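**Student:** Numbering (the working numbering), first residue to last: 1 to 370.
Beta carbons are placed, not taken as given, at the ideal position from N, Cα and C, and that holds for glycine.
Please read all numbers here as calculations on a predicted model, not as lab measurements.
1. With burial defined as no fewer than 16 other Cβ atoms inside 10 Å of the residue's Cβ, what is the status of residue 347: buried or exposed?
2. Do residue 147 and residue 124 have their C-beta atoms closer together than 8 Å?
3. Counting C-beta neighbours from all protein chains within 10 Å, is the total for residue 136 16 or more, i.e. buried, or is it exposed?
4. Tell me the DSSP secondary structure of residue 138 in three-state form.
5. Can you name the start and end residues of the beta strand (DSSP E) that residue 67 belongs to?
6. Suppose the cutoff is 8 Å on Cβ atoms and the five residues either side in sequence are ignored; what does the same chain contact list for residue 195 look like?
7. Could you check where the alpha helix (DSSP H) with residue 321 kicks off and where it finishes?
8. Excluding the 5 residues preceding and the 5 following residue 22 in the sequence, name in chain order all residues of the same chain whose CB lies nearer than 8 Å to its CB.
9. Mind checking residue 335: buried by the 16 CB within 10 Å criterion, or exposed?
10. How would you call residue 61, buried or exposed, if buried means at least 16 neighbouring beta carbons within 10 angstroms?
11. Between residue 81 and residue 68, how many whole angstroms is the CB-CB distance? I'm expecting something under 8 Å.
12. Nearest by alpha-carbon distance to residue 49: which of 83, 18 and 316 is it?
13. Sort out for me which residues DSSP pairs residue 286 with in a bridge.
14. Among the residues of its own chain, which have a CB less than 6 Å from the CB of residue 8, if the five just before and after it don't count?
15. Could you pull out every unbroken beta strand (DSSP E) segment of at least 3 residues lying fully inside the region 181–246, listed in chain order?
16. With distances taken from CA atoms, which of 243, 233, 268 and 41 is nearest residue 224?
17. Please list the segments of the alpha helix (DSSP H) lying wholly inside the region 104–165, counting only runs of 4 or more residues, in order along the chain.
18. Using 8 Å as the threshold, is the C-beta distance between residue 105 and residue 129 below it?
19. Does the distance from the CB of residue 168 to the CB of residue 122 come in under 8 Å?
20. Measuring alpha carbon to alpha carbon, tell me which of 329, 141, 184 and 109 ends up nearest residue 154.
21. Would the beta-carbon of residue 65 fall within 8 Å of that of residue 11?
22. Which residues bound the alpha helix (DSSP H) around residue 338?
23. Give the range of the beta strand (DSSP E) segment to which residue 25 is assigned.
24. Nearest to residue 178 by alpha carbon, out of 344, 289, 158 and 280?
25. Hey, out of 295, 255, 283 and 219, whose CA is closest to residue 272's CA?
26. Who are the near neighbours of residue 337 in its chain, counting only those whose CB is closer than 8 Å to its CB and skipping five residues on each side?
27. For residue 265 versus residue 219, is the C-beta distance shorter than 8 Å?
28. Output the boundary residues of the beta strand (DSSP E) element that contains residue 88.
29. Return yes when the Cβ of residue 232 is within less than 8 Å of the Cβ of residue 206, no when it is not.
30. Excluding the 5 residues flanking residue 45 on each side, which residues of the same chain have their C-beta closer than 8 Å to its C-beta?
31. On the DSSP bridge list, what partners appear for residue 333?
32. Let me check one thing: in DSSP terms, what residues is residue 276 bridge-paired to?
33. If you follow the alpha helix (DSSP H) that residue 351 is in, where does it begin and where does it stop?
34. Would you report the Cα separation of residue 63 and residue 18, rounded to the nearest angstrom?
35. So, for residue 247: in the same chain, excluding its five sequence neighbours on each side, which residues have a beta-carbon less than 6 Å away from its beta-carbon?
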């Protein structure tokens, strides 16, 4: 591949969404633009902060026309203030617009429609600028402790923002009354990172208490949580939204299944649940014992071929649940068999991995063989 460098150590690099441009920012404040082949396009000087206030993120607009870069300047009294500079890359040689705030900034990102610009530094406040109104003051997104992460929604129809802070909260910010209004997601410890799902329906947060949590973006309801043995540094959704990847302080990354079903799945999943439980729900949520539960469960097994070629969530769950308990995969959505999982755990040679396999699958033939 092409080598892009010069001007000092690279602090941050980002490619435009269409892959046509790449921007790099060095610790000397040199902003360099490159084409998709690594050829130089242009260079600019950007004042940056001290070691505690170095930029961590810069951003292109979705059409690759605009580039936003955070920074900081110090006056004669060594009091630092911050800015985001926005270049219009369609206008060769044009000066950047500047959006200023009283503190150094380390992060800058566009909304999907490029109408808004989000920025924060190492304080308890994030800032939102209207891109077409460079003279207007920013809206303030306030926390009670340092903000460590922020993100816009993925789609541009109705932009929202999520922020994460050391004040043990994440906040979803919306504009129901033409002002950025927070909806609070309470945690038990500092929140390290947060972002929206690809469909903007959910939010994921990563916390120092060892949990990654998934929330409903509309109701702020907790939907799921995944436990780690140490602080979770980062968490993101897969492009289809059916999985979550997390990175923790124990040096491991983990992938978790998080499928989202459709209304059509309810009937098949309800039938399976009733057959297994031996009861049917009727009327006003009343439970009635099934007369012949063995026949009912047998009927569910006979229905498996009908679902064999289906990719619905219900089909995946039914096929997995009715499969041999030792030969099936670790979950309805995994490609790893239980036997392979056990072999991989034992191969690490670590006691905690062995204990994990014993705890999850006691009595499995693969464990007896060992």
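**Tutor:** Working from what's here:
1. exposed
2. yes
3. Burial call: exposed.
4. coil
5. First-last of the beta strand (DSSP E) with residue 67: 66–74.
6. 149, 151, 162, 203, 204, 235, 236 and 237
7. 313–321
8. 4, 13, 14, 15, 16, 33, 34, 35, 36 and 38
9. Classification for residue 335: exposed.
10. Taking all protein chains in view, the Cβ of residue 61 is crowded by 16 or more other Cβ atoms within 10 Å, so the residue is classified as buried.
11. At roughly 17 Å, the Cβ-Cβ gap does not stay under 8 Å, so residue 81 and residue 68 are not in contact.
12. When only C-alpha atoms are compared, the closest one is 83.
13. Residue 286 is bridged to 282.
14. Here the set comprises 26, 27 and 28.
15. 181–186, 191–196, 202–207, 211–216, 222–227 and 232–237
16. Residue 243 is the option with its Cα nearest to residue 224.
17. none
18. Cβ atoms of residue 105 and residue 129: not closer than 8 Å.
19. No, they are not a contact pair.
20. Closest by alpha carbon: 109.
21. It is not a contact, given that the beta carbons lie outside the stated cut-off.
22. 338–347
23. 21–26
24. 158
25. Minimum Cα distance to residue 272 is reached at 295.
26. 327, 328, 329 and 330
27. Result no, Cβ atoms of residue 265 and residue 219 do not sit closer than 8 Å.
28. For residue 88, the enclosing beta strand (DSSP E) covers residues 80–88.
29. yes
30. 29, 30 and 31
31. Partner(s): none; residue 333 has no beta bridge.
32. Answer is none; residue 276 lacks a bridge partner.
33. 351–360
34. 7 Å
35. 233, 234 and 253
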